[in-house]
Structure formats: structure tokens, C-alpha cells
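Visitor: If you read the sequence shown in this note's numbering, its first letter stands for residue 30, the second for the next number, and so on.
Below is the structure I would like to discuss, written out as C-alpha cells.
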Amino acid sequence: ISQRKQAEESLQTLNDVLAQRVRERTQALDDQQRLLQTILDGVPGLVGYWDTQLRNRFANRAYREWFGVTPNDIQGRHICDLLGPHLYELNRGHIERALRGERQCFIRDIPVPGQPGKVRISETHYLPDIDHGEVRGFLVMVFDVTQVTQAEQEKSQRLNQALAAPDFDAFVEGQCAPF
């Protein structure tokens, strides 16, 4: 009986040690996940991950704010449900190429939810997640380039206006040395 009791006590001790290790590793994983979420929430752009079934597995805060959804609303959601049928169709070719392992980068106007007629100009990257030669999904990074694009357009318009001004040729002739 004493050998059996010792064996039971040893087994209980091992179980306690194992349970403590599981708690510690679970806590470490939770800490790492929280840190990763914090870092990605700080990125000034959308960061998301979509699997091969086009279901969302991760989205940072900017993604959720851009589309006006909560974390629970986006997790597991199909990309078409988030983008809507029109935007999904516009992006479908890029999505299909990303799922074939081809990196994608494109500029797109994206309607602002709840603000009819207003759009954001976005630079979008689809980066395939390839593991041992198999595409597992793709990372999406989207940056709002509206202000930069508008500033470039305004600069171009001012330059065109200056070039079209009647006194531009006289100004240039007076300022430039002949070649």
C-alpha cells in the first residue's frame, strides 16, 4: 500500500508541475498575442489576414475602424461580406492571384461607410502566406493615400496653370540662361 501511495503522490506532483507549466506557457502565449495586437493596432494602416476560404483570421484596429465593425464582427467573416459585392468584384482578380502565391499591389478608391459619395484612396498590398510551397492565405495591408494623392493633384494643377499663364514664357526667358 505504501508503494502505491508513493506512486500516487509522485503522479500528483507530476500532474501539478505539468499543470503549472501549461498555465505559464498559456500566459506567455496570451502575452505575446496581446503584444502583437498592440503593435499591429499601432500601424497607421489596415493589417488583416484572410485564409484560403477568404475568411478573416485577424484584423487590426484600423481595419475595424475603416469598415466600421467590431472585432467580433470581422473575425471569421467572408471578405465579400466585408467589402460588399461591388468592391469584392473589383478586387477579385488580385485576391485570386494572391491565392496563387503572387504578391499584389494596387491603388483603389474605397467608399467610406456611412458617408455616401465620400471615398478614401488606398494603396493595397496582398502578400501571400506561403508555407512549404502551399498558400495558406494572404496578408492584407492597406494605406490611406488620399491626402498625398490630393496634394499631388493640386500641385500638378498649379503647375499646369503656371505653364498656361500668358506671362510664363517671359518669366522663363528672363530667369534662364540660354543653352
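C-beta atoms are modelled at their ideal positions from N, C-alpha and C, and glycine is treated no differently.
Could you tell me the alpha carbon to alpha carbon distance between Gly130 and Arg86, rounded to whole angstroms?
Guide: C-alpha separation (whole angstroms): 18 Å.
Visitor: From which residue to which residue does the beta strand (DSSP E) around Pro140 run?
Guide: Its beta strand (DSSP E) spans residues 133-140.
Visitor: Given this structure, state the Cα-to-Cα distance separating Gly74 from Gln190, to the nearest angstrom.
Guide: Cα to Cα, Gly74 sits roughly 34 Å from Gln190.
Visitor: How many Å lie between Thr42 and Gln66 at the Cα?
Guide: About 36 Å.
Visitor: For Ile68, does the count of other Cβ atoms within 10 angstroms reach 16, so buried, or fall short, so exposed?
Guide: Ile68 comes out exposed.
Visitor: Is His123 buried or exposed, if buried means 16 or more other CB atoms sit within 10 Å of its CB?
Guide: So His123 counts as buried.
Visitor: Going by C-alpha distance, which of Glu183, Glu181, Val98 is nearest Pro142?
Guide: Looking at the Cα atoms, Val98 is the closest of the given residues.
Visitor: As a quick exercise: from Ile108, Thr153, Phe172, Leu58, pick the residue whose alpha carbon is nearest that of Arg132.
Guide: The residue with the shortest Cα to Cα distance from Arg132 is Thr153.
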